[in-house]
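If you count the sequence shown from 1, position 162 lands on 162 in the numbering used here, and the numbers rise without skipping.
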Amino acid sequence: MGQWLQRNIIEPGKLPLLLALAAFVLTFLVTRLITRLIRAGKGPFGNVQGAGGVHIHHVVPGVVLTIIGGFGAVASGRHGLAPVVWAVIFGIGAGLVLDEFALILHLDDVYWSEAGRKSVEVVVVTVALVGLVLSGFSPFGVDGVDEEERQGRGTVISTIVGNFVFSLVALLKGKLRMALFGAIVPLVALIGAIRLARPGSLWARRFYARRPRARARSALRAYRHDRRWTGPSRKLQDWIGGAPDEPVRALDRH
């Protein structure tokens, strides 16, 4: 384990990234634990109130720590203890910010609502992407270019542009996750670009408008995919971040 850490993390200079990821994950888990205890009315924790009774969301200190850690990392060198410290501060801030990503997206306190699931989803995707980078993958598949090909700038540029196009097509087809992962793993982007677009995506509205069979196949595939994976995905999100509140239904007046 020590040799692997030295060879794959410390020597390539990835230790700050590893510690930032660890701080990010730990901060998110601790924050979710505390918020779930507050929600259940257990423990010594409570919501932070500012002047005038304004509820201060933890995204606020998260933004501050992210800015401090980011600028500190840019200002410090690549050697010594400073990059590690700034990386940890940045990871803590990013964990606090992305835990309330849904609040930023909707500009509303949707933390325990159905829309709040977006925060957990974004955190999981972030951890996976950073994990791929730590594992040795490089964005746009440049890691697959050997030393001789690196000497030809045209080969490197064409590799980057080609995979970027695949990722863009996957994004236009409504496959955000495949587009994100495809930016690092080229095969994922290629699969996302080849497969049918999801109904309602920009690609489907543009190219399936006069192709009823393509629209029907797209809708059927999306239905089968969502039926298969939505349930397990929701259970995983509830296990990580807590189940959202039940929607309030209007009283039947009849």
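Positions of the beta carbon are idealized from the N, C-alpha and C atoms, including for glycine.
{"Item": "Considering G91, what are the terminal residues of the alpha helix (DSSP H) in which it resides?", "Value": "A82 to D99"}
{"Item": "Roughly how many angstroms lie between the CA atoms of V84 and T230, to the nearest whole one?", "Value": "38 Å"}
{"Item": "Take L5 and list the residues in its own chain whose beta-carbon comes closer than 6 Å to its own, dropping the five residues that flank it on each side.", "Value": "none"}
{"Item": "Ordered along the chain, which non-local residues of its own chain (more than five positions away) have a Cβ less than 8 Å from that of D245?", "Value": "W112 and S113"}
{"Item": "Please classify D58: does DSSP put it in a helix, a strand, or coil?", "Value": "According to the sequence shown, residue 58 is His rather than Asp. Three-state DSSP puts H58 in coil, outside helix and strand."}
{"Item": "Verify whether the separation of the beta carbon atoms of S218 and L202 is less than 9 Å.", "Value": "no"}
{"Item": "Within 10 Å of its beta-carbon, does I157 have 16 or more other beta-carbons around it, so buried, or fewer, so exposed?", "Value": "exposed"}
{"Item": "Do you know how far the Cα of L171 is from the Cα of P199?", "Value": "13 Å"}
{"Item": "Going by Cα to Cα distance, which pick from H106, V110 and A94 is closest to V123?", "Value": "A94"}
{"Item": "Distance check for G80 and G13, CA to CA, integer angstroms please.", "Value": "11 Å"}
{"Item": "Is V165 buried or exposed, if buried means 16 or more other CB atoms sit within 10 Å of its CB?", "Value": "exposed"}
{"Item": "Under a Cβ-count criterion, where at least 16 other Cβ atoms within 10 Å of its own Cβ denotes burial, should D238 be classed as buried or exposed?", "Value": "exposed"}
{"Item": "N47: buried (16+ other C-beta within 10 angstroms of its C-beta) or exposed?", "Value": "exposed"}
{"Item": "For F101, which option in R117, V25 and I89 has the closest C-alpha, if you only look at C-alpha atoms?", "Value": "R117"}
{"Item": "Helix, strand or coil for P44? Go by DSSP, reduced to three states.", "Value": "coil"}
{"Item": "Roughly how many angstroms lie between the CA atoms of A179 and P44, to the nearest whole one?", "Value": "43 Å"}
{"Item": "Figure out for me which residue from G70, W86 and H58 has the closest Cα to the Cα of T31.", "Value": "H58"}
{"Item": "Under 8 Å: do the region 8–27 and the region 124–132 share three or more Cβ pairs, one atom per stretch?", "Value": "yes"}
{"Item": "Please determine, among R211, F137, L26 and G131, the residue with the shortest C-alpha to C-alpha distance to V185.", "Value": "F137"}
{"Item": "Can you tell me which of the three DSSP states K14 falls into?", "Value": "coil"}
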